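For what it's worth, the UniProt record's numbering labels the leading residue of the sequence shown as 1, then goes sequentially. For glycine and all other residues, C-beta sits at the position ideal for the given N, C-alpha and C. Treat the numbers as computed from the prediction; the structure is a model and nothing was measured. Input: a single structure, listed below in structure tokens.
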Amino acid sequence: MIQFPASVPSTRITSDDIINYWLSLLGATSYGEIFNLHAIVVDKNKENYPKRTCQPLAIELADMFSAAIDSGKTGYEINKDRIKEIRKIVGSTYPDFLMKKPSYQSQSILGTLYRRAVDFKQMNSNSSEDHGTNSSKTSYTQADEGNFRFYVKVRTALNVDSYVIHQELHSVFGTNVPSKLIIEEWSDYYKKKNSTTRGSMESSILKSVEDIDEAHSLCNTSLQSSTTTTMCSDTNE
Numbered sequence: 001m002i003q004f005p006a007s008v009p010s011t012r013i014t015s016d017d018i019i020n021y022w023l024s025l026l027g028a029t030s031y032g033e034i035f036n037l038h039a040i041v042v043d044k045n046k047e048n049y050p051k052r053t054c055q056p057l058a059i060e061l062a063d064m065f066s067a068a069i070d071s072g073k074t075g076y077e078i079n080k081d082r083i084k085e086i087r088k089i090v091g092s093t094y095p096d097f098l099m100k101k102p103s104y105q106s107q108s109i110l111g112t113l114y115r116r117a118v119d120f121k122q123m124n125s126n127s128s129e130d131h132g133t134n135s136s137k138t139s140y141t142q143a144d145e146g147n148f149r150f151y152v153k154v155r156t157a158l159n160v161d162s163y164v165i166h167q168e169l170h171s172v173f174g175t176n177v178p179s180k181l182i183i184e185e186w187s188d189y190y191k192k193k194n195s196t197t198r199g200s201m202e203s204s205i206l207k208s209v210e211d212i213d214e215a216h217s218l219c220n221t222s223l224q225s226s227t228t229t230t231m232c233s234d235t236n237e
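Structural data, given as structure tokens:
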């Protein structure tokens with residue numbers, strides 16, 4: 001936990017002081033800006049780290065975001081100059097899956113999923129309109145449950161929380177994804193399965209990283225497949 005020494009104000013705090021403090025926050029760097037910058041740093045991986053989230057810049061921004069969340073209680077102030085310095089390093093273009101402009105085509109699995117989802121939506125827009133209220137269910141089955149499960153498997157092996165996994169999929173597919181409860185059940189299943197697997201944590205993580213290539217391949221065909229894989233398919237793994 002980050003600790004900041006308490007300071008004693010030279011004069012008594014008034015209501016105007018409180019108002020001015022909150023007004024000053026209107027022009028402050030937002031949490032969202034830090035989040036988006038962190039996404040750029042991780043996606044571009046300019047520091048060429050095998051594990052993108054372990055880049056010093058990524059860790060620095062994660063710490064900054066964590067401290068900024070508690071700024072109302074701690075008085076922490078975001079270093080705007082440092083934000084500008086990092087932007088000079090990684091640029092101001094966003095990975096396309098963030099759906100912000102200007103953007104570039106992300107080569108990560110999120111970028112692949114996002115573009116496939118956009119293509120799928122465009123190719124099936126008329127079909128979705130015809131199905132009306134049943135469009136979400138139809139799109140979900142055509143997206144192939146098996147590939148959703150494989151994505152959850154890979155992300156769980158990399159110690160990504162089930163809530164974050166659901167948000168990642170939701171940002172790409174919208175409502176046409178399994179519910180948070182289902183994602184959590186799948187994630188818990190793979191956690192238990194991984195805990196019984198022999199071998200060191202390092203070898204397990206390396207295998208999971210290799211699996212991402214397979215996930216890319218599966219995602220390339222997932223939205224063209226109409227075959228639905230049920231949850232019991234894991235009994236054959």
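Residue i, buried or exposed, once every other Cβ within 10 Å from all chains shown has been counted against 16
i      : result
LYS207 : Note that LYS207 scores a pLDDT of 47, beneath 50, so its modelled location is shaky; the value from the coordinates is reported in the next line. Counting Cβ neighbours within 10 Å, LYS207 comes out exposed, since fewer than 16 surround it.
ASN79  : exposed
TYR163 : exposed
ARG198 : Low local confidence applies: a pLDDT of 44 at ARG198 is under 50, so the model's placement there is unreliable, and no value is given.
PRO9   : exposed
SER195 : exposed
SER15  : exposed
TYR114 : buried
ILE18  : exposed
ILE13  : exposed
LEU169 : buried
PRO95  : buried
MET64  : buried
LYS153 : buried
ALA143 : Bear in mind that a pLDDT of 46 at ALA143, under 50, signals an unreliable position, so the number given afterwards is only what the model happens to contain. ALA143 should be labelled buried.
Beta carbon of residue i nearer than 7 Å to that of residue j
i      : j      : result
TYR104 : THR112 : no
ALA62  : VAL41  : no
TYR31  : ALA67  : no
PHE120 : LEU110 : no
For residue i, the nearest candidate out of the options (CA to CA)
i      : options                       : result
HIS166 : ASP17, LEU158, SER187         : SER187
ILE83  : GLU33, GLN122, PRO56          : GLU33
GLU85  : LYS51, LYS100, LEU37, ASP119  : LEU37
VAL90  : GLN55, MET64, ALA157, ILE183  : GLN55
ALA39  : TYR49, THR53, TYR76, THR74    : THR53
ASP43  : SER106, ASN159, GLU184        : SER106
THR156 : THR74, TYR190, MET99          : TYR190
ASN159 : VAL172, LYS192, PHE35         : LYS192
VAL172 : GLU184, SER108, LYS88, ASP70  : SER108
GLY75  : TYR21, ILE182, LEU181         : TYR21
PHE35  : ARG116, LEU181, GLU47, LYS100 : LYS100
LYS88  : ARG116, LYS46, ASP161, LEU181 : LYS46
For residue i: DSSP bridge partner residues
i     : result
PRO95 : TYR104
Discussion item. Under 8 Å: do the segment 142-157 and the segment 177-188 share three or more Cβ pairs, one atom per stretch?
Written reply: yes
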